[in-house]
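Numbering-wise (numbering that gives the first Met the number 0), the sequence shown opens with residue 0 and increments by one.
Just so it is clear, CB atoms sit at the ideal spot from N, CA and C, and this is done for glycine as well.
Predicted, not measured: the structure shown is a model, and the values here were computed from it.
Everything on this sheet refers to the single structure shown next.
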Amino acid sequence: MATQALSYPTRPAPRRTSFWATLASEWAKLTSLRSFYVSALMTLVLAIGLSGGVSLIIASTWSDWGPIERASFDPILMSLFGLVFSSILLTLIAVSFVASEYATGMIRLTLTATPRRGRVLLAKTILITGVSVVLGYISVIAAFLLGQAIFSANGLGSTTLGDPDAMRAVIGLGLTAAAFPLIGAALAVLFRSTAAAISTVLALIFTPAIFGAMLPAWWQENVLRYLPDRAIDSITIGHLFTGVGGMTFGEYLDLGPGIAVTIAWLVLFLGAATIVLLRRDV
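If you want it as structure tokens, here you go:
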């Protein structure tokens, strides 16, 4: 009597989540944040509005400026005043994007669905970079053009995007708009806390500016200018401070070293975040 072989239903092999699926999932999380659209809008409003407001104040008080103040006037710098606040808001978006998953516990579900943890962090990094650079370029170009229009209409010195100094500032500010948001995202992974990450980034941004002038020249030239804030400024606006307000170019790095130091800081923070994410239980 012939025997019939028994057949058992086979379970399909689990499908691997593609990187594009991970990227789409992270984008959905980012845009679902209640603060995302408000913070993005406020980034543009503050950057453009504050820069335009400062330009109007300068134009309206120009007649009260003395010869020394007028000689130190730089239309590029003065038209970009609000960008420091937009950098803070972009960092807030990035930190909230990462830290909110730890606060809600969703990070466990995320890493269960995508076991390759490095892929999750890479997707977040790409999205943070893209959003920051796009909003950064919109902010800096609009603020610059508005400021130059105000200065020109009131008979002050103005310049154009074709000016080499202006071009370096605009291109640099747009590209480096992602620097502090990426550092903030890395700190959010390390601390698993929005408050701790934001506080640390604010310290990195403002401490050199507030306390730097109190330190001896050796510290300014050999320590402070290698911190993230000064390294980024060396790429974007450091070249505009030569001989202005008593500052010297020695307080900033040259363009090449500025880029190298900025990249080194990003690699350090993101590398540490990657190691912690791979090894630490969530």
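Item	Value
Between Thr199, Val275, Phe80, which has its C-alpha nearest Val188's C-alpha?	Val275
Who are the Cβ neighbours of Ala74 in its own chain at under 8 Å, not counting the five residues just before and after it?	Per the sequence shown, residue 74 should be read as Pro rather than Ala. Closer than 8 Å at the Cβ level, and outside the excluded window around Pro74, lie Gly146, Gln147, Phe150, Leu155, Gly156, Ser157, Thr158.
From what residue to what residue does the alpha helix (DSSP H) around Ser157 run?	Element bounds for Ser157: n/a, residue is neither H nor E.
Report buried or exposed for Glu250, applying the criterion of at least 16 other Cβ atoms within 10 angstroms of its Cβ.	buried
Expressed to the nearest angstrom, what Euclidean distance is found between the alpha-carbon atoms of Ile182 and Leu110?	21 Å
For Pro114 and Leu174, what's the separation of their Cα atoms in angstroms?	31 Å
Could you check whether the Cβ of Pro227 sits closer than 8 Å to any Cβ belonging to chain D?	Considering every chain present, this structure includes no chain D. It has just one protein chain.
Could you give the distance in angstroms between the alpha-carbon of Leu49 and the alpha-carbon of Arg279?	42 Å
Rounded to the nearest angstrom, what separates Phe96 and Asn153 at their Cα positions?	43 Å
Looking only at its own chain, which residues have a Cβ that is under 7 Å from the Cβ of Ala196, when we skip the five neighbours before and after it?	Val94, Ala98, Gly183, Leu186, Ala187, Phe190
From Gly161, Pro163, Gly171, pick the residue whose C-alpha is nearest to that of Val132; which is it?	Gly171
Where does the unbroken alpha helix (DSSP H) through Val266 begin, and where does it stop?	254-278
For the segment 226-242 against the segment 68-82, do three or more pairs of beta-carbon atoms, one drawn from each stretch, fall closer than 8 Å, so that the two count as touching?	yes
Can you list the alpha helix (DSSP H) stretches of 4 or more residues lying completely in the segment 92-116, in chain order?	105-112
In or out: Ser38 buried (at least 16 other Cβ within 10 Å) or exposed?	buried
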